[in-house]
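*Asks:* In order, the protein sequence lines correspond to chains X and L. So in UniProt numbering, the last spot in the first sequence is 370, and the numbers never skip. So in UniProt numbering, the last spot in the second sequence is 390, and the numbers never skip. The beta carbon of each residue, even a glycine, is placed where N, CA and C say it ideally should be. Please read these numbers as outputs of a predicted model, since none were measured by experiment.
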Amino acid sequence: MTTATDIAEAQLKMPLRRDPSVGHRLLHRTLKPLVGTPVNAVVTLACLWIIWLAAKGAYGWLVTRAVTEGGAQACKVGQGACWPFYEAKLRFMIFGVYPYEEHWRVLLAMALFLGSMAITMIPRFWSRKLLVLWGVTIVASAVLIGGGVFGLSYVPTTQWSGLPLSFLLSAVGLALGFPLGVLLALARSSKLPAIRVIAIVFIEVIRGVPLISILFMASVMLPLFMPSGITVDKLLRAQIAIIIFAAAYIAEAVRGGLQAIPRGQHEAASAMGLHYWQSMRLIVLPQALKIAIPPLVNISIGFFQDTTLVTIIGLLDFLSTVRTAMTDPNWVGIAVLEGYVFAAAVFLLFSYGMGAYSRFLERRMRLGHD
Amino acid sequence: MRAESLSGTRLLYNLRFRAILYQVLAVGSIVLLGLYLFSNVSQKLEEQNIATGFAFLGREAGFVISQTLIDYKPTDTYGRAILAGIVNTIWVSAWSVVLATIIGLFVGIARLSRNPLLSLLAFLYVEALRNVPLLLYLFLWYALIVTGLPGVREAWEILPHVFLSNSGLTVPALTWTGAHSIVLVALALGGALALAVHRRATAERIRTGRDKTTWPLVALALLLPPVVAILVVQPELTISIPEKGRFRLTGGAQLRPEFTALLVGLALSASAGIAEIVRSGILSVRKGQWEAARALGLKDGLTMRLVVLPQALRVIIPPLTSSYLSLFKNSSLAIAIGYPDLVMVSNTTMNQTGQAIEGIAIFMLVYLGLSIAISLFMNWYNSRVALKER
Numbered sequence: 001m002t003t004a005t006d007i008a009e010a011q012l013k014m015p016l017r018r019d020p021s022v023g024h025r026l027l028h029r030t031l032k033p034l035v036g037t038p039v040n041a042v043v044t045l046a047c048l049w050i051i052w053l054a055a056k057g058a059y060g061w062l063v064t065r066a067v068t069e070g071g072a073q074a075c076k077v078g079q080g081a082c083w084p085f086y087e088a089k090l091r092f093m094i095f096g097v098y099p100y101e102e103h104w105r106v107l108l109a110m111a112l113f114l115g116s117m118a119i120t121m122i123p124r125f126w127s128r129k130l131l132v133l134w135g136v137t138i139v140a141s142a143v144l145i146g147g148g149v150f151g152l153s154y155v156p157t158t159q160w161s162g163l164p165l166s167f168l169l170s171a172v173g174l175a176l177g178f179p180l181g182v183l184l185a186l187a188r189s190s191k192l193p194a195i196r197v198i199a200i201v202f203i204e205v206i207r208g209v210p211l212i213s214i215l216f217m218a219s220v221m222l223p224l225f226m227p228s229g230i231t232v233d234k235l236l237r238a239q240i241a242i243i244i245f246a247a248a249y250i251a252e253a254v255r256g257g258l259q260a261i262p263r264g265q266h267e268a269a270s271a272m273g274l275h276y277w278q279s280m281r282l283i284v285l286p287q288a289l290k291i292a293i294p295p296l297v298n299i300s301i302g303f304f305q306d307t308t309l310v311t312i313i314g315l316l317d318f319l320s321t322v323r324t325a326m327t328d329p330n331w332v333g334i335a336v337l338e339g340y341v342f343a344a345a346v347f348l349l350f351s352y353g354m355g356a357y358s359r360f361l362e363r364r365m366r367l368g369h370d
Numbered sequence: 001m002r003a004e005s006l007s008g009t010r011l012l013y014n015l016r017f018r019a020i021l022y023q024v025l026a027v028g029s030i031v032l033l034g035l036y037l038f039s040n041v042s043q044k045l046e047e048q049n050i051a052t053g054f055a056f057l058g059r060e061a062g063f064v065i066s067q068t069l070i071d072y073k074p075t076d077t078y079g080r081a082i083l084a085g086i087v088n089t090i091w092v093s094a095w096s097v098v099l100a101t102i103i104g105l106f107v108g109i110a111r112l113s114r115n116p117l118l119s120l121l122a123f124l125y126v127e128a129l130r131n132v133p134l135l136l137y138l139f140l141w142y143a144l145i146v147t148g149l150p151g152v153r154e155a156w157e158i159l160p161h162v163f164l165s166n167s168g169l170t171v172p173a174l175t176w177t178g179a180h181s182i183v184l185v186a187l188a189l190g191g192a193l194a195l196a197v198h199r200r201a202t203a204e205r206i207r208t209g210r211d212k213t214t215w216p217l218v219a220l221a222l223l224l225p226p227v228v229a230i231l232v233v234q235p236e237l238t239i240s241i242p243e244k245g246r247f248r249l250t251g252g253a254q255l256r257p258e259f260t261a262l263l264v265g266l267a268l269s270a271s272a273g274i275a276e277i278v279r280s281g282i283l284s285v286r287k288g289q290w291e292a293a294r295a296l297g298l299k300d301g302l303t304m305r306l307v308v309l310p311q312a313l314r315v316i317i318p319p320l321t322s323s324y325l326s327l328f329k330n331s332s333l334a335i336a337i338g339y340p341d342l343v344m345v346s347n348t349t350m351n352q353t354g355q356a357i358e359g360i361a362i363f364m365l366v367y368l369g370l371s372i373a374i375s376l377f378m379n380w381y382n383s384r385v386a387l388k389e390r
């Protein structure tokens with residue numbers, strides 16, 4: 001007869017299966033996906049080879065082969081990154097043709113802008129006070145950059161250039177495109193057929209043509225549409241085009257949010273005696289906009305990149321000043337890669353940061369904080 | 001309706017009246033704005049002595065287009081020049097779409113790989129392309145081709161008879177004749193025929209429940225028309241092979257630097273987006289679907305083709321459509337590096353004739369028309385793969 005003690009004894013006599021140590025398990029878990037099967041091992045080797053080549057190339061270009069001293073001539077001979085180019089041209093690449101002594105004003109405006117941006121990105125600060133903050137930031141930046149008051153010298157818009165111009169075009173484009181986009185989204189989901197048709201035609205036409213064609217339209221056709229004697233600033237024309245373009249895309253993102261709101265919310269608002277604008281402002285839009293935030297952030301990233309297109313109609317945005325620096329008679333043909341790598345790094349920094357922020361928002365929303 | 005509801009204030013509170021009033025106001029203000037702008041434009045055009053209308057399309061263009069698919073010479077009309085631009089736009093977009101889809105598919109799958117190194121590489125690829133403006137990449141690729149590559153005399157032979165130099169990529173090419181076109185048409189016919197035969201066979205199998213071997217019939221349908229066509233028209237197989245001469249490359253077909261840079265730039269930037277779309281599409285199919293298919297005895301390939309892919313496509317197609325559309329619209333950046341697409345040709349036309357409104361109207365309408373055509377086609381395809389709720 002088997003008893004509990006028999007079983008226990010038998011178990012004691014059984015050879016002990018060694019529990020693999022933590023280190024061993026970890027090793028196993030790391031190695032299995034890397035070299036688990038022959039195919040996988042080959043893939044791993046190929047990946048390592050690619051990473052090695054890229055790292056070696058980048059390190060060689062940036063460090064070992066880099067030219068750190070001398071002028072354009074040294075860079076012409078050298079094979080690596082040309083640091084003297086950055087030394088000589090960094091300020092021009094960032095600030096463009098803005099008067100050299102006044103660079104601090106633009107720098108201050110940019111700091112204000114980025115500071116406001118950082119505050120806006122923290123969900124704890126989401127309130128109506130943000131509108132005040134942005135109002136102050138925009139007015140202060142405009143005064144700082146444009147000048148003409150408080151003893152600041154006047155700087156015409158033709159000298160606004162470089163990275164600040166790229167920020168300005170995308171920020172104002174999004175800020176003014178947003179209310180227009182919300183109105184368009186509301187119009188598109190309106191019950192009144194004529195208003196709906198107008199919104200649909202506007203949105204679909206703008207989304208159906210490339211941004212460059214709208215920029216062309218603004219730069220070439222807009223002057224023809226103005227009454228004689230009135231001229232519109234070139235920068236303003238490009239800005240109008242960007243606002244219109246942004247509005248159409250924002251409208252579609254907001255419409256997505258509006259569609260996600262159940263009809264019961266509209267009906268409940270009506271039952272409370274709210275009229276259309278009240279129910280939209282107090283009930284529907286706050287919920288819809290919250291849903292639309294991640295796509296809106298993605299649109300913003302796209303717009304920051306799309307402002308580079310103003311180069312084509314002759315505005316001096318960041319990409320354009322970098323290219324101008326590269327074609328400086330002293331440096332022409334020497335620092336091609338240097339210029340583009342710098343511009344790419346700046347765009348990568350801001351876009352990737354915004355993208356990471358958008359993913360953070362989406363995760364937060366999925367977890368149901370709000 | 002009671003009489004009192006017609007009095008002034010009551011009328012304002014009548015919902016139907018207000019609806020009509022708002023719409024009349026909206027349409028009216030747009031019409032007024034249009035009239036105002038129109039009067040401004042006609043006054044300006046008169047002052048500046050600019051002609052209106054599309055008569056210029058029939059006049060001689062007089063400018064050179066560096067690369068065209070259809071025959072064009074400077075003595076041709078503006079209309080012909082713009083047509084050449086349209087064909088160029090479609091040509092570069094179509095090749096970019098094909099390339100972007102293939103690369104995107106592979107990168108998207110690589111991103112899901114269990115091998116952490118492979119998925120890391122795919123991640124870096126996607127982020128590097130998505131976070132830097134396309135225009136910057138176009139300038140970069142173009143600069144690398146023109147300044148980074150050796151001159152024609154020192155062209156790199158990257159593959160046998162494939163030369164890379166600062167004047168582009170030179171590849172062997174078939175000398176194309178009318179006979180080749182006939183064979184190509186026959187091949188398309190064969191494809192359509194094979195598809196029809198395959199459909200009939202599938203319908204038959206579903207009806208009778210018996211699995212018969214049908215692939216020889218399908219293959220026959222595919223190959224018969226081109227084989228017959230080859231025997232009838234007997235196309236010559238002359239392949240023009242590029243050779244390195246003393247000063248230049250002779251023979252072969254040349255992909256110009258502008259075209260190559262645009263093709264690479266468009267394809268790479270779109271492939272990053274497509275990779276993300278493919279990834280989320282495959283992720284959207286639950287694990288249970290794989291397991292259920294395996295429990296039914298389907299092999300991996302069949303599971304992918306019959307169970308996973310049809311469900312993933314449902315998620316993939318709508319965003320893929322907008323990604324194709326934006327690639328097509330982004331091809332307008334060609335003007336920045338000098339590839340003569342529709343926008344660049346229209347721009348030259350506008351500068352020569354001074355008729356900006358007509359020039360812009362033409363390319364906007366063409367883009368709009370083609371965008372609508374692409375989205376209609378993709379919507380049709382989407383409705384075929386979409387979930388059919390019964």
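With C-beta atoms as the reference, is tyrosine 78 of chain L less than 8 Å away from alanine 61 of chain L?
*Replies:* Yes, the Cβ-Cβ distance between tyrosine 78 of chain L and alanine 61 of chain L is below 8 Å.
*Asks:* Against chain X, which members of the stretch 127-140 of chain L pass a CB distance test of less than 9 Å?
*Replies:* Answer in chain order: Glu127, Ala128, Arg130, Asn131, Val132, Pro133, Leu134, Leu135, Leu136, Tyr137, Phe139 and Leu140.
*Asks:* Per the DSSP calculation, alanine 173 of chain L is bridged to which residue(s)?
*Replies:* DSSP, once it has assigned bridges, lists L:Ser240 as partnering alanine 173 of chain L.
*Asks:* Residues of chain L with CB closer than 9 Å to the CB of glycine 257 of chain X, please, in chain order.
*Replies:* Residues of chain L passing the Cβ test: none, with the nearest at roughly 17 Å.
*Asks:* Is the shortest distance between the beta-carbon of glutamine 352 of chain L and the beta-carbons of chain X less than 8 Å?
*Replies:* Not closer than 8 Å to any Cβ of chain X, the Cβ of glutamine 352 of chain L fails to qualify, so no.
*Asks:* Just reading off the alpha helix (DSSP H) that glutamate 276 of chain L is part of, what are its end residues?
*Replies:* Segment 257-283, the alpha helix (DSSP H) holding glutamate 276 of chain L.
*Asks:* Take glycine 57 of chain X as the anchor and find which of X:Ile122, X:Gly80 and X:Ala271 has the nearest alpha-carbon.
*Replies:* The shortest Cα separation from glycine 57 of chain X among X:Ile122, X:Gly80 and X:Ala271 belongs to X:Gly80.
*Asks:* Let me check understanding here. Comparing Cα to Cα, which of L:Tyr72, L:Leu35, L:Asn115 and L:Gln23 lies closest to methionine 37 of chain X?
*Replies:* The displayed chain sequence assigns threonine, not methionine, to residue 37 of chain X. Of the listed residues, the one whose Cα sits closest to threonine 37 of chain X is L:Asn115.
*Asks:* Starting from the C-beta of tryptophan 95 of chain L, find all residues in its chain whose C-beta is less than 8 Å away, skip the five residues before and the five after it, and write them out in chain order.
*Replies:* Same-chain partners within the cutoff: Leu263 and Ala267.
*Asks:* Distance, Cα to Cα, aspartate 211 of chain L vs leucine 302 of chain L?
*Replies:* Approximately 16 Å between the Cα atoms of the pair.
*Asks:* Can you give me the start and stop residues for the alpha helix (DSSP H) that serine 141 of chain X sits inside?
*Replies:* Where serine 141 of chain X is concerned, the enclosing alpha helix (DSSP H) stretches over 129-146.
*Asks:* As a quick exercise: from L:Ala186, L:Thr202, L:Ile241 and L:Leu11, pick the residue whose alpha carbon is nearest that of alanine 221 of chain L.
*Replies:* Comparing Cα positions, the closest option is L:Ala186.
*Asks:* Along chain X, in chain order, which residues have C-beta atoms closer than 7 Å to that of methionine 364 of chain L?
*Replies:* Going along chain X in sequence order, the residues near methionine 364 of chain L (Cβ under 7 Å) are Val209 and Ser213.
*Asks:* Can you tell me where the alpha helix (DSSP H) with serine 166 of chain X in it begins and where it stops?
*Replies:* Residues 163-188.
*Asks:* Shortest alpha-carbon distance to leucine 258 of chain X belongs to which of X:Ile138, X:Ala118, X:Leu53 and X:Ala288?
*Replies:* It is X:Ala288 whose Cα lies nearest to the Cα of leucine 258 of chain X.
*Asks:* Short of 9 Å Cβ to Cβ, which residues in the stretch 212-237 of chain X face chain L?
*Replies:* Answer in chain order: Ile212, Ser213, Ile214, Phe216, Met217, Val220, Met221, Pro223, Leu224, Phe225, Met226, Pro227 and Ser228.
*Asks:* Can you check which of these residues, L:Glu276, L:Ile337, L:Leu309 and L:Ala361, is closest to arginine 130 of chain L by C-alpha distance?
*Replies:* Minimum Cα distance to arginine 130 of chain L is reached at L:Glu276.
*Asks:* List, from N- to C-terminal side, the beta strand (DSSP E) runs of 3 residues or more that fit wholly inside the stretch 282-329 of chain L.
*Replies:* List check, beta strand (DSSP E) in window: nothing returned.
*Asks:* If contacts are defined as beta-carbon pairs under 8 Å, then alanine 336 of chain L and leucine 138 of chain L qualify, I think. What distance do you get, rounded to the angstrom?
*Replies:* Correct: roughly 6 Å between the Cβ atoms.
*Asks:* Measure the Cβ-Cβ separation of threonine 307 of chain X and isoleucine 242 of chain X and say whether it is below 8 Å.
*Replies:* Taking 8 Å as the Cβ cut-off, threonine 307 of chain X and isoleucine 242 of chain X qualify as a contacting pair.
*Asks:* Are phenylalanine 318 of chain X and glycine 162 of chain X closer than 8 Å when you measure CB to CB?
*Replies:* Taking 8 Å as the Cβ cut-off, phenylalanine 318 of chain X and glycine 162 of chain X qualify as a contacting pair.
*Asks:* Please report the straight-line C-alpha distance between alanine 3 of chain L and arginine 18 of chain L, rounded to a whole angstrom.
*Replies:* Reliability of the predicted coordinates at alanine 3 of chain L is poor, the pLDDT of 48 falling under 50, and no value is obtained from them.
*Asks:* Using CA coordinates, which residue listed in X:Leu236, X:Thr120 and X:Tyr357 is at the minimum distance from proline 294 of chain X?
*Replies:* Closest option to proline 294 of chain X, Cα to Cα, is X:Tyr357.
*Asks:* Going along the chain, which residues of its own chain have a beta-carbon closer than 6 Å to the beta-carbon of methionine 110 of chain X, five neighbours each way excluded?
*Replies:* These residues qualify, in order along the chain: Pro164.
*Asks:* Three-state secondary structure (DSSP) at serine 42 of chain L?
*Replies:* Looking at serine 42 of chain L - three-state DSSP - the assignment turns out to be helix.
*Asks:* Quick one: which chain L residues come within Cβ less than 7 Å of isoleucine 312 of chain X?
*Replies:* In chain order: Ile335 and Ala336.
*Asks:* Could you check which residue in L:Leu37, L:Ile65 and L:Ser346 has the C-alpha nearest to that of leucine 228 of chain X?
*Replies:* The sequence shown places serine at residue 228 of chain X, not leucine. Measuring from the Cα of serine 228 of chain X, the nearest candidate turns out to be L:Leu37.
*Asks:* Can you check whether the C-beta of leucine 289 of chain X is within less than 8 Å of a C-beta belonging to chain L?
*Replies:* By this cut-off, leucine 289 of chain X is not an interface position.
*Asks:* Return the CA-CA distance between lysine 299 of chain L and isoleucine 182 of chain L, expressed in angstroms with no decimal places.
*Replies:* Spanning the two alpha carbons is a distance of roughly 40 Å.
*Asks:* I'd like to know whether the C-beta atoms of serine 141 of chain X and phenylalanine 113 of chain X end up nearer to each other than 8 Å.
*Replies:* Yes, these two residues count as a Cβ contact at 8 Å.
*Asks:* Do the stretch 206-222 of chain X and the stretch 330-345 of chain L meet, that is, are 3 or more Cβ pairs less than 8 Å apart?
*Replies:* The answer is yes - the stretch 330-345 of chain L touches the stretch 206-222 of chain X, with three or more Cβ pairs under 8 Å.
*Asks:* Got a sec? Which residues, its chain only, sit under 8 Å from isoleucine 86 of chain L by beta carbon, not counting five neighbours each side?
*Replies:* Once the five neighbours on either side are set aside, the close Cβ partners of isoleucine 86 of chain L are Leu342 and Val366.
*Asks:* Which residues, in chain order, does the stretch 23-47 of chain X contribute to contact with chain L at a C-beta distance below 7 Å?
*Replies:* Listed by position along the chain: Pro33, Leu34, Asn40, Val43, Thr44 and Cys47.
*Asks:* From this set, L:Gly354, L:Leu368, L:Ile357 and L:Thr348, which residue's C-alpha is nearest phenylalanine 63 of chain L's C-alpha?
*Replies:* Of the candidates L:Gly354, L:Leu368, L:Ile357 and L:Thr348, the one whose C-alpha sits nearest the C-alpha of phenylalanine 63 of chain L is L:Thr348.
*Asks:* Report back the beta-carbon spacing between alanine 194 of chain X and leucine 184 of chain X to the nearest angstrom; my notes put them in contact at under 8 Å.
*Replies:* About 14 Å; that fails the 8 Å criterion.
*Asks:* Could you tell me whether any Cβ in chain L is nearer than 8 Å to the Cβ of glutamine 305 of chain X?
*Replies:* Taking Cβ atoms only, chain L reaches closer than 8 Å to glutamine 305 of chain X, which makes this a yes.
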